[in-house]
């Protein structure tokens with residue numbers, strides 16, 4: 094087990110290096126002079142040179158790279174062009190909000206998705222299956238920003254039960270969380286269903302039924318538990334989808350998280366911030382994928398044996 | 002007379018090819034058939050939408066701003082008095098073109114990379130798969146935003162961004178199919194009689210991967226349209242006055258309380274289009290996947 098864990102951790106190192114390199118190159122592959130972009134259209138040549146000096150863009154690329162990486166290792170992500178504050182401060186101020194939104198969303202959508210999936214899967218070919226899967230395929234097809242607006246119009250404007258813009262208290266989390274979670278719940282439901290359908294065909298299920306075990310016990314003890322091995326993987330992988338989705342959802346609700354910060358930074362061309370945010374998003378994603386792999390190994394006895 | 006009769010008997014016990022089998026299974030799925038009809042209808046609108054449209058897309062009418070749906074304006078008008086129905090009709094070709102462009106490029110690149118990685122293995126496989134891993138290390142839309150931030154906003158760059166992140170999915174899919182087919186008897190036979198590598202890859206292995214590619218193509222088409230409209234919504238894709246659906250919706254949020262329909266109709270258009278591609282994908286999977294046949 095420990096060996097597997099080590100192997101997996103070592104395996105992510107090349108990916109990490111390439112991601113960091115890509116993010117480093119990010120500002121340098123923007124067409125045009127990055128110093129000019131940072132300084133602004135109206136800046137004088139002197140200002141541009143000053144920016145070049147400040148960002149270290151006049152040094153050789155390898156020196157820049159080493160400076161960048163050692164900065165990262167010391168927690169230095171550069172200075173935001175928009176607020177003139179360290180990017181790390183900007184990000185850490187909003188990080189908690191995004192994690193809270195993601196956690197609440199993943200929780201409800203995983204429970205709802207799995208229940209819907211089990212319900213559809215155990216009633217294969219019947220109306221329950223069709224209903225569940227029609228809802229699910231609609232869920233993955235809904236533009237989240239549209240759902241966000243419909244919720245605002247319905248719950249905030251018409252019925253006035255929730256605030257229009259969101260704060261980070263629980264009331265403000267409801268609408269963003271529904272918006273963000275619908276698609277994820279739908280994906281989890283579809284996957285759970287197909288996993289349940291597969292397992293229902295297994296010999297040990299026939300054996301369990303032949304033994305005379307009640308159908309409820311067969312479903313929850315045998316089918317459900319075995320299907321969870323692969324469902325856990327999919328739930329974990331949805332975290333990446335969640336991070337991406339948070340960009341749109343946070344913008345719709347003006348929610349103060351990392352996603353809306355990314356959009357603000359892109360609109361302002363705040364390259365140090367964009368760079369760091371993209372790095373943070375992909376680091377989170379890599380870590381989550383690693384955790385999911387480990388969890389899968391813990392849950393699946395077949396992998397442990399190898 | 003005699004010849005006629007012979008043809009008739011031939012017709013009765015038609016040979017069941019994999020293709021006819023797939024068609025038969027596909028026809029059984031009503032959702033997918035309806036979705037396909039809707040997609041054909043959308044393609045028709047994409048070509049002739051501008052001719053059918055009752056108004057020009059940039060026809061300003063300041064005497065009729067933000068009017069609700071009526072017989073004159075089916076979906077109402079926007080803040081400049083432009084007819085929303087005509088604009089949404091015209092937006093069809095943008096969304097379909099984006100989906101088609103991005104997914105086709107992604108599918109072609111991904112398929113070639115997947116074939117090479119699976120067939121040759123070794124260092125080529127490692128390099129290609131490592132690149133895919135890196136692309137997978139960015140949550141989809143974040144990668145697209147990064148690419149658009151580099152290249153600048155605009156529809157062409159959105160297409161490039163979406164193509165880049167749909168490529169690794171195809172590469173992985175085709176690679177795994179190639180790995181299984183590489184060791185099959187017919188590929189070995191082809192190798193033994195001296196068929197070139199290119200011949201084996203494109204004439205013997207690729208056809209085996211086509212069903213997977215078709216299913217993924219349809220699924221990616223839907224999600225690409227969704228991503229592209231999200232990017233436009235965020236202000237990184239189409240720019241005004243383009244009648245792109247995501248942009249129309251984004252514009253509508255300023256009039257949410259007074260004119261709800263300005264956000265409702267473009268959203269509905271996106272939803273129905275993406276839904277039909279997803280339903281088509283589901284139907285194709287059930288029709289083409291040999292594992293599911295019973």
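Protein chains in written order, with my numbering: chain R, 94 to 399; chain X, 2 to 295.
Ideal Cβ positions, reconstructed from N, Cα and C, are used throughout, including at glycine.
Because the structure is a prediction, the values reported are computed rather than measured.
Q. Do residue 337/R and residue 226/X have their CB atoms nearer than 8 Å?
A. no
Q.
Are the CB atoms of residue 270/R and residue 194/R within a distance shorter than 8 Å?
A. yes
Simplified DSSP assignment, three categories, for residue 403/R
Any answer about residue 403/R is impossible in this case: the structure gives chain R only from 94 up to 399.
- Item | Enclosing alpha helix (DSSP H) for residue 64/X [first to last residue] | It is not in any alpha helix (DSSP H) - residue 64/X carries neither H nor E in the DSSP assignment.
Distance cutoff 8 Å, beta carbons only. Does residue 294/X sit that close to anything in chain R? Residue placement at residue 294/X is flagged as unreliable, the pLDDT there being 46, under the threshold of 50; the coordinate-derived value follows with that caveat. With 8 Å as the cut-off, residue 294/X does not count as an interface residue toward chain R.
query: For residue 275/X, which residues in chain R fall below 7 Å Cβ to Cβ?
result: 234
- Message: Please tell me whether residue 268/X has its Cβ less than 8 Å away from any Cβ of chain R.
- Response: yes
Note to self: Counting only beta-carbon separations shorter than 8 Å, does residue 263/R have a partner in chain X?
What the structure shows: no
Inset, instruction - State the CB to CB distance for the pair residue 172/X and residue 145/X, rounded to an integer number of angstroms; the pair is presumed to be in contact (CB under 8 Å). - result: Actually they do not touch by this definition, with Cβ atoms about 18 Å apart.
Q.
Based on DSSP bridge pairs, tell me the residues matched to residue 179/R.
A. 172/R
With 16 other Cβ atoms within 10 Å as the buried cut-off, status of residue 53/X: exposed
Q.
By the 7 Å beta-carbon criterion, what residues does the stretch 124-139 of chain X contribute toward chain R?
A. 131, 134, 135, 138 and 139
Please list, in chain order, all residues of the same chain as residue 374/R whose beta carbon is under 6 Å from its beta carbon, the five residues on each side excluded. 336
- Query: Taking Cβ positions only, does residue 319/R come closer than 8 Å to chain X?
  - Reply: no
Original post:
In the stretch 227-248 of chain X, which residues sit with their C-beta less than 8 Å from some C-beta in chain R, listed in chain order?
Top reply: 227, 230, 231, 234, 235, 236, 237 and 247
(message) Quick check on the DSSP output: what are the complete alpha helix (DSSP H) runs of length 4 or more inside the stretch 217-283 of chain X, in order along the chain?
(response) 246-253
- Item | Nearest neighbour of residue 219/X, chosen from 284/X, 116/X, 246/X and 20/X [CA to CA] | 284/X
Q) At a CB-CB cut-off below 7 Å, which residues of chain R make contact with residue 150/X? A) 359 and 367
Mapping DSSP to helix, strand and coil, what is residue 170/X? helix
| request: Let me know if residue 237/X comes out buried or exposed under the rule of 16 or more other beta-carbons within 10 Å of its beta-carbon. | output: buried
* Is the Cβ of residue 391/R closer than 8 Å to any Cβ of chain X? -> no
Query raised in the report: For the stretch 321-337 of chain R, which residues have a beta carbon sitting closer than 7 Å to at least one beta carbon of chain X?
Result: 333, 334, 336 and 337
- Which of the three DSSP states, helix, strand or coil, is assigned to residue 79/X? coil
Practice prompt. Report the neighbours of residue 231/R on chain X: residues whose CB is nearer than 7 Å to its CB, in chain order.
Written response: 276
* To do: Flag residue 179/R as yes if its beta-carbon sits less than 8 Å from any beta-carbon of chain X, otherwise no.
  => no
Fill in: Contact list for residue 108/R against chain X, beta-carbon separation under 8 Å
131, 134, 135 and 138
Can the beta-carbon of residue 96/X be found closer than 8 Å to that of residue 236/R?
no
So, at 8 Å on beta carbons, what are the nonlocal neighbours of residue 66/X in its own chain, with the 5 sequence-adjacent residues on each side left out? 78, 79, 80, 81 and 82
ask   = What residue from 146/R, 265/R and 309/R has the CA that sits closest to residue 129/R's CA?
value = 146/R
Local Cβ density within 10 Å of residue 38/X, reported as buried at 16 or more and exposed below that = exposed
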